[in-house]
Structures are given as structure tokens and as C-alpha cells.
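*Asks:* In the working numbering, the protein residues as written are 235 to 419. Note that beta-carbon positions come from the ideal geometry of N, C-alpha and C, so glycine has one too.
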């Protein structure tokens, strides 16, 4: 991942083609000669973090380098970062919620988080959140209904029909407004 970096030796800015590059070409050549001489004399460098003896081209010992390397690729620096969201094969959206001190899994189902936020309380144990219109990534609060697991398995839902009718009305209203805005443009 190329980018502009400030050299640790001379302080000059240069284009680094690797994420861990810290020295410009001139300082790198000078350091290589210095370290080669120290290596030849059986004098090795020291880790900048812990002070242990290290090899000729190393900056840190292996343990300290592994710790430092984890900071390079966190969150948006990682090429696989999806913005804290992921989608399962079944179509459910999961959101990253890991906070300091949180011991559970770092991702939770977004429809559960939306329902808990809308109702101001956690989902009771043994309950599930049902999508009224059947679209698993439609996590609007008016589309979510919490039910006990037993009630969720009893289909069709006679008490849910008013909600489904209201959702259909709102979806038709949204479509009508989209058409109206489209004709005005």
C-alpha cells in the first residue's frame, strides 16, 4: 500500500511502497553498512521496545514486532474491512458492537439491536425478533416484532395481520412519493 512516509533518519518525506518502510533509500544504505559492520563484529542491535538483541536488519525482536504489526491492519486499514457490517448466507445483517470490556462475540444481529434500541430494553431470553414483511435485511422498527420462540413457530400470525397491512400501506405510500418526486425532476 504505497504512501508518503517521513524517514526516521533524516526526516525527509518519501514514497514508501510497503506499509512497514521507515527509512529513505539514502538512510537505508547508510544503516545497512552500519548494521553489517556491527554484525561482522558480533555486535547485534537492540530491540527499540524491549532491548533484547536482534538481527542485522530488524528494528524489533519478533515478539515486539508481532504486537506492533497488529496495529497496522486494524479496522479500516485492513483490506477486508467491511465497515463493521457483515451479512450471513440467510440474509441477516450483523453489526460490530464490541466495546472495551465486552466478553461476547463482536458482532450481533442488527434486527435485535434495532428492536432493543426502539424499546429501550434487552430482548427477553428465549424470544426472537420476527421480520413482519419477511425481508430479513429490512430492519425498520415498524417491521420488527419480538415473540417467544413458541409463538414464532405458530404460523400464520393472526395478531400480526394489522401490522402487515400497515407495512403494505406505507410501502405503497413510499412508492407513490418516489413517482411524484421523479416527475418533478
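Let me know the secondary structure DSSP gives residue 247 once reduced to three states.
*Replies:* Numbered from 1 along the chain shown, position 13 holds the residue referred to as residue 247. DSSP places residue 247 in strand when its eight states are reduced to three.
*Asks:* Give me the Cα-Cα distance between residue 285 and residue 369, rounded to the nearest whole angstrom.
*Replies:* As a working mapping, residue 285 is identified with position 51 in the chain shown. As a working mapping, residue 369 is identified with position 135 in the chain shown. Each residue's Cα considered, the two are about 57 Å apart.
*Asks:* At which residues does the alpha helix (DSSP H) containing residue 349 begin and terminate?
*Replies:* As a first step, residue 349 must be located in the chain shown, where it is residue number 115. First-last of the alpha helix (DSSP H) with residue 349: 344-353.
*Asks:* Would you mind reading off the limits of the beta strand (DSSP E) that contains residue 321?
*Replies:* Here residue 321 refers to the residue found at position 87 of the chain shown. Counting along the chain, the beta strand (DSSP E) containing residue 321 begins and ends at 319-321.
*Asks:* What is the DSSP secondary structure of residue 239, reduced to helix, strand or coil?
*Replies:* Position 5 of the chain shown holds residue 239. Residue 239: strand per DSSP, three-state reduction.
*Asks:* Residue 279: buried (16+ other C-beta within 10 angstroms of its C-beta) or exposed?
*Replies:* Residue mapping note: residue 279 aligns to position 45 of the chain shown, counting from 1. Buried is the call here.
*Asks:* Is the Cβ-Cβ distance between residue 379 and residue 364 less than 7 Å?
*Replies:* Taking the chain shown and counting its residues from 1, the one referred to as residue 379 is at position 145. Taking the chain shown and counting its residues from 1, the one referred to as residue 364 is at position 130. Yes; because the gap between Cβ atoms is below 7 Å, this pair is in contact.
*Asks:* Helix, strand or coil: which one does DSSP assign to residue 307?
*Replies:* Along the chain shown, one-based indexing puts residue 307 at 73. The answer is coil: DSSP assigns residue 307 none of H, G, I, E or B.
*Asks:* Give the C-beta separation of residue 375 and residue 399 to the nearest angstrom, bearing in mind that I take them to be a contact with Cβ-Cβ under 8 Å.
*Replies:* Residue mapping note: residue 375 aligns to position 141 of the chain shown, counting from 1. Residue mapping note: residue 399 aligns to position 165 of the chain shown, counting from 1. With 8 Å as the limit, residue 375 and residue 399 do not qualify as a contact, their Cβ atoms being about 17 Å apart.
*Asks:* Is the beta carbon of residue 344 closer than 7 Å to that of residue 300?
*Replies:* By one-based count along the chain shown, residue 300 stands at place 66. By one-based count along the chain shown, residue 344 stands at place 110. Result no, Cβ atoms of residue 300 and residue 344 do not sit closer than 7 Å.
*Asks:* Scan the region 355-414 and note each continuous beta strand (DSSP E) run of 3 residues or more that stays entirely inside, going in chain order.
*Replies:* Taking only runs of at least 3 residues, the beta strand (DSSP E) segments lying wholly in the region 355-414 are 361-365 and 378-382.
*Asks:* Quick check on the DSSP output: the beta strand (DSSP E) that includes residue 326 runs from which residue to which?
*Replies:* Translated into the one-based positions of the chain shown, residue 326 becomes position 92. Per DSSP, residue 326 belongs to no beta strand (DSSP E) and is neither H nor E.
*Asks:* To the nearest angstrom, report how far apart residue 414 and residue 403 are at their CA atoms.
*Replies:* As a first step, residue 414 must be located in the chain shown, where it is residue number 180. As a first step, residue 403 must be located in the chain shown, where it is residue number 169. So the alpha carbons of these two residues sit roughly 16 Å apart.
*Asks:* According to the neighbour-count rule (16 or more other Cβ atoms, all chains shown, within 10 Å of its Cβ), is residue 312 buried or exposed?
*Replies:* Reading the chain shown from its first residue, position 78 is the one you call residue 312. Exposed, since its Cβ has fewer than 16 Cβ neighbours within 10 Å.
*Asks:* Whole angstroms are fine: how far does the CA of residue 257 sit from the CA of residue 316?
*Replies:* Position 82 of the chain shown, counted from the start, is the residue given in the question as residue 316. Position 23 of the chain shown, counted from the start, is the residue given in the question as residue 257. Spanning the two alpha carbons is a distance of roughly 32 Å.
*Asks:* Can you find the residues in the same chain that come closer than 7 Å, C-beta to C-beta, to residue 236, ignoring five residues on each side of it along the sequence?
*Replies:* The residue given as residue 236 occupies position 2 in the chain shown. The answer, listed in chain order, is 249, 250 and 251.
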